[in-house]
Amino acid sequence: MSTQPRRNALPATLALLAATVGSGFALGYFVATRRTPQPPPPAHAAAARPEGPVRVRLPDSLRANAGVRMQTIARAALAPTVELTGSVEFDPDRVADVGGRIPGRISQVFVRSGAVVRAGDPLLTVVSPTLGELLAASLSARAQLTAARTQFARLATLATQQLATGVELDEARARVATLNAELRGVDQRVRAMGGRHADVSHESSGITLRAPIAGRVVTRNALVGQVIDPTETMIRVADLSRVLVVLDAFERNLRDIAVGDRVSIGGESMGQRRIDGVVARIDSTIDRETRTAKVEVRVDNPDELLRPGQFVTARISVRGEVRQAIAVPRSAIVLLEGQPTVFVEVEPGLFEPRPVGVEAGDSERVELTRGVREGESLAIEGVFALKSELQR
Amino acid sequence: MLNAWIDRSIRSRYAVLAFAALVLIAGVFAAQRLPIDAVPDLTNVQVQVLTDTPGLTAEEMERFVTRPVERGLTGLPALDEVRSITREGTSAVTVIFKEGTDPWFARQLVFERLRTIEGEIPAQYGRPELGPVTTGLGEIYQFVLKSDRHSPMQLRTMLDWDIGPAIQSVPGIIEVNSFGGAKQQYEVVLDPARMQSHRVTLSQVFQALARDNVNVGGGYVERGAEMYVLRGEGQLRTLDDIRDVVVSAGRDGTPVLVRHLAEVRVGAALAQGVVTQDGRGEVVCALVLMLAGQNSRTVVAALHDKLAEVQRTLPAGARIETVYDRKQFIDRTLKTVGTNLVEGALLVSLVILAFLRTPRGALLVTLGIPFSMSIAIFGMLALDITGNLMSLGAIDFGFLVDGPIVMLEAVIAALAVRSSDDPEQVRENVRRAIHRVATPVVFAVAIILLVYLPLLSLRGVEGKMFRPMAATMALALGGSLVFALVVFPAAAVTFLGPSTVKGHHHSDPEKPGRYQRVVQWVLGRRLWVLLASMALALSVVPVAGSLGADFVPRIDEGDVYVRIRRIPSVGPTEARRLDLAAETVLRRFPEVMTTLGTTGRAEVALDPVGMDNTDILVHLRPRSEWRTTQDPVALRNLFKEAVEREIPSTFASVSQPIEDKTNDMISDSPADIAININGEDMQVLTDIGMRVGQVVRRVRGAGDVRVERAVGLPMLSVRVDRRRAARYAIATEDILGAVEAARMGREVGAIFEGPRRFDLRVLLAPGPSANRLPDLPIGTRDGQLIPLAQLASIEENEGVAQIRRSNRQRRISVEVNLRGRDLVSFVEEARAAVEREVRTPAGYSITWAGQFENFQRAQERLGMLVPVSLAIIVAMLYALFRNARYALAVFSCVPFALVGGVVALAVRSMAFSIPAAVGMIALCGIAVLNGVVMASEVHRRITEGESLDDAISHGAAEVLRPLLLTASVAALGFLPMALSNSAGSEVQRPLATVVIGGLVSSTLLGLLLLPAVLRMFLRPRQEP
């Protein structure tokens, strides 16, 4: 009786043991082989990536914020430019220095610096002892001449009555001639002191200097009472409606520049305004110290925006090199894996990056030498968004 | 042995009761000292070495800083890994130590080495410094400073010099990291033309300003009996001081002053970061970091006080606006945990009261909860376990009172049957009743406790999350054991008497109840019942297979972190524009309260990122106000989709503040799979990465594949042509100085305004755009200005944006997220494909990492833990019964408990996660409780001479009540957690669901099945 149940119990016991242990390991296995989470599909189903050229799709929803602007590729006149720096100088034909030619003292100044003057306007009056002496000599010579002329006239009358001798008459004539010459000499000296544009005032023994050209008083070194030296410049009058811009051209720039090239001038004081000019002259030598050649640009400056001495930058449009080329804004080009690249829209919303050859263009545009064809549509703004999409 | 303890505690019951009271009081105090945070800290032990050298490229930075630092740090004891990220201007080396290393010791080790390393880094390339002692939980507070009357620069200065230091004085705050606005600096903006006319070179200006900005000490002089300290003051203080610095003697003896050459002004430093708010405009913000290991609850409270104080001292118009506050998250989770615990405790008490109808008894049993918790809190304090969602959130009070309930039930039964009015006799009856059930109950609880222990061996992230839980639960169960063995007997003897059970109608054991008849029916058809049950259990297996899996639970933090990555070449202006647009998109969601976008890096570059990285902190409204969806995960996905749909150049990933920070610090790629390519040449690495990307994209199931963009940072490289420079007698220093001064400015000293220190920098005017860089004027000694292009070649090329290194090798990663395919098979296929198609040159290797590593590790660990737990259970059962048949019979209940767990998960359509797995393991322990109690009763009756069938049917009936009671108490104790939907409940929900399901199934099946199993197992021996 005792063996029979045991025999019956054993399989059941074993079965249960197996079942429990088995289920335990089954649980262990279940835990160990759980599948991992499945993340939700990303918002951007990555564009199907066909073999061949890589393309990038810009969904319409992104387009507004990407700020993409397109341009159809076309040829345009492209003039390369050279940029140089330099400074504004006076036009030597339009500047005049006024100074006394005699030592003396300034008695009156008629202009302030910055004043606009016409040719012949009085600038200042100089009183000079030398002039006084000359004027005195001139008066005395004039008086003597008058006396001599009177004498000569009297002698001539007397001579007709045979009251004076021919010798006397000849002497008197000679004296008139001598005195006449003397007076002319003195007057010549007085005039020389004042110059062409001077009034000599006999009363004050002063001399008034006048503006030789129309323009603006740019320098006034004259003070009332100042003693002047004939070598000094007292007042500079300059006509600033035309100035010269002198640029320093480095050797590498010289091959591109020619007389007659159009130049656009900008400077810090001018903000966004630019003034045009023309290359007037190029130095035929190169300064050994600065390693530059001077390039003179004649610039009309009616508003007097350019001030002599001012630093400017000049953009020279290289003449004769204006060419028809595929010109695109600089903003169209990005570096992609070290290559300058543009994005061409091959069908709406689908862009293809094209490595391009870039040649210097003008200040805003560059020339594309390969990689694109005329008529293709090119992204000129928002290119960063396309690059980003490509590299996502 | 157990009974001897019970007797001892009954004998000295007043002392025991006093002890219990003491424990409860101490528990209250201990609870207040317990460090509280919302979530456990997952950060590993790490020390950061940060070096900041503005202007250096990533490759230079790596050569001069990162490599020497890494070299110097090798061979440290307990070192686990050294990795680094080097970017333009910044290097961050992270030294990771083995788990368990003391962080301060680790810092000490690194600091000692740093002294040597400093000698190897040329002085101009910066000085490495240790990063702040903080963890993934460190970023506790973030605010913006706003004002209608102050400029961004004034605000930034206010933040850096007034508010920051004030906040840093709060104990536990280690760093206040300012971000955005404009950092003030003193600028000398040189006019090249004026320098030319005065024939002054850049380096003369640099030298003059550096030379003239000093104070010196001259010792002392004696005057009479007194001593006067002699000092020379040359420190520059004001703009005019700077203007009057003599640069050169001048040609004609007239000194050339700085004012002749430059505009001197207060300006803003070149920004490294941009902060935008609400899509409206730029703001100034600060991030407050907490010292590692601090109690964030107290630190945040002190911070709030300090901020209120600081706010009062701010100038009119300026105000502090909170954008992130950890307190809110802590409060929310604590509320969740607290509500669940309180509701659980209430339910438990009510159930006991309803079943046993003895308020006094119910009170005694319920006291077991605070008692056990007090013990648990002592243990947590001793073991440095933080109170948080994981450690406190997953405690089931039902388990804690299982022992006392069974005991109370036995006592009531005994008192009801053997009514006596003699107090001595009553005490004796109580004692005997307790004796009768003590051993099985203690063993059953001990089994639950022991089952938790293997969880302590979990490693990695899941270990950091669940070890505190296992430890706390084990501690609490230990406490409940002490309560059941020591306190409850003493209390029962003292407070329970016949009056307690008055009106309590205990069923007559001799009269067969309904359940007893069921048992008898089952005993007759035991084989069928057994087979049916097994069939049922097997039928669940496919259900189990259909469950999804989600291994690391994501705790909802209430705030969202949208991390946006762009290609490395993005400029700050474009990044700012796109950020504002992205914020506008996010703010269209009605759930979004505020957004704060931070681009680039903060003052202390803890997170070495560039302008290509933007983090948008999205502060959400309370869940009750959500309209788009109620599911935080779904909302996060909507955020990502919306941003990526509308904002170009944007790759968004959505995370949460703590989660993101922690991932960053432990450098766990948040991607499913990270394929790391290790080697030396960045271009080769990138090429391999691209090829790997191509190959992996073709593997079925590859969703997002992202190849790290380490190269592709556009650079303008100025290479000095020494021969041309020599023709003009220009020193390379002058040319490079001009390049430096062009944008960033050369730092030549500092200007102090009281405690505020500002950089003094020399710049060249006007700052050139990229197109005009060739025209940058360089002055020669004799006063010429030569354009840069004449002296140097300027090349546009692409350089390295970022170098990541791991264990002294450069590395780039390809991140893969899966769609519609399971990880293991994908990795196998992708790996094979990569090995087949991508050839790596010598010196290059490919390693596979990512979350799948964690998954696999956790899977392996859990796969091992389950059998270990089962083995522990069997061993304990054998130790209890000293009889394999009993042990196995009881053990056979376990699979049926798991059945319920799996079904419950399936019914609630939850994924199988680590919390669920933990719940399963706990279930194994809980399931045997029923069996142990029933089998012990049967065993007792058999030894008392009852026939097997009688013993089984009577015994089963006898324990029906306590079993139903313990099971329903345990299930109800978890019910609030299982149903909770509030913040932080993500972790508890699966665990509670599994346990409740398992309890239901194991109780129902156990009550039917166990008698049958016992009958089958026990027949031979018991029928002599």
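Taken in sequence, the protein lines are chains A and B. Per our numbering, the very first residue in the first sequence carries number 267; after that it's consecutive. Per our numbering, the very first residue in the second sequence carries number 272; after that it's consecutive. Even glycine gets a Cβ: it sits at the ideal position worked out from N, Cα and C. Note that this is a predicted model, so its numbers are computed, not measured.
- Scanning chain B for C-beta atoms nearer than 9 Å to the C-beta of A:Phe609 yields nothing, as the closest lies near 13 Å away.
- Not one beta carbon of chain A lies nearer than 8 Å to the beta carbon of B:Asp1005.
- Boundaries for B:Phe766: no beta strand (DSSP E) harbours it, while the alpha helix (DSSP H) harbouring it runs Phe759 to Phe766, taken from the DSSP string.
- The region 636-655 of chain A and the region 329-336 of chain A touch, with no fewer than 3 CB-CB distances between them shorter than 8 Å.
- B:Tyr491 sits in a strand when the DSSP states are folded into three classes.
- Counting C-beta pairs with one atom in each stretch, the region 375-394 of chain A and the region 550-568 of chain A have fewer than three that are closer than 8 Å, which means they do not touch.
- Under the three-state reduction of DSSP, B:Asn934 is assigned to helix.
- For the region 985-997 of chain B, residues whose beta-carbon sits nearer than 9 Å to a beta-carbon of chain A comprise Pro985.
- Short of 6 Å from the beta carbon of B:Ser1077, and not among the five residues preceding or following it, lie these beta carbons of its own chain, in chain order: Arg354.
- Taking A:Gln576 as reference, the option from A:Gln590, A:Glu613, A:Val608 and A:Gly533 with the minimal CA-CA separation is A:Gly533.
- Taking a C-beta distance under 8 Å as the contact criterion, B:Phe1152 and B:Ala1206 qualify as a contact pair.
- At least one beta carbon of chain B lies nearer than 8 Å to the beta carbon of A:Phe650.
- With the rule of 3 Cβ pairs closer than 8 Å, the region 298-312 of chain B counts as touching the region 645-656 of chain B.
- Look at B:Arg837: its C-beta is under 8 Å from a C-beta on chain A.
- Bounds of the alpha helix (DSSP H) holding A:Pro395 are Pro395 to Thr426.
- The Cβ atoms of A:Ala580 and A:Leu350 lie closer than 8 Å to each other.
- At a cut-off of 8 Å between beta carbons, B:Glu1067 contacts chain A.
- In the structure shown, B:Cys556 adopts extended strand secondary structure according to DSSP, grouped into three states.
- Here A:Pro388 carries a strand assignment [DSSP, helix/strand/coil].
- In the three-state scheme derived from DSSP, where H, G and I count as helix and E and B as strand, A:Gln538 is classed as coil.
- One thing to note: B:Leu891 has its Cβ within 8 Å of the Cβ of B:Val831.
- The beta carbon of B:Pro919 falls within 8 Å of a beta carbon belonging to chain A, placing the residue at that interface.
- Taking 8 Å as the threshold, the shortest C-beta distance from B:Ala464 to chain A falls below it.
- Of all residues in the region 330-346 of chain A, the ones placed with a Cβ closer than 7 Å to any Cβ belonging to chain B are Asn331 and Ala332, in chain order.
- Shown here, B:Arg825 sits in coil according to DSSP, grouped into three states, outside any helix or strand.
- Residue range Asp673 to Val688 is occupied by the alpha helix (DSSP H) that includes B:Val677.
- In the displayed model, B:Gln791 falls within a helix according to three-state DSSP.
- Exclusion of the five residues before and after B:Thr547 leaves Glu553, Asp850, Leu851 and Gly868 as the residues of its chain whose Cβ lies within less than 6 Å of its Cβ.
- Within the same chain, and ignoring the five residues on either side of B:Arg378 in sequence, the residues whose Cβ sits closer than 8 Å to its Cβ are Val318, Leu401 and Val404.
- Distance between B:Arg465 and B:His531, taken at the CA atoms: about 7 Å.
- Annotation for B:Glu1067: the continuous beta strand (DSSP E) segment containing it runs Ala1063 to Val1071.
- In the three-state reduction of the DSSP assignment, A:Thr351 falls in the strand class, which pools E and B.
- Neighbours of A:Gln538 in chain B, taken as residues whose beta carbon is under 9 Å from its own, are absent, since the nearest beta carbon is some 14 Å off.
- Contact between A:Pro388 and A:Gly627 is absent: CB atoms are separated by about 55 Å, not below the 8 Å threshold.
- For A:Ser327, the nearest beta carbon of chain B is closer than 8 Å to its own beta carbon.
- In this structure, A:Leu571 sits near A:Ile541, with a CB-CB distance shorter than 8 Å.
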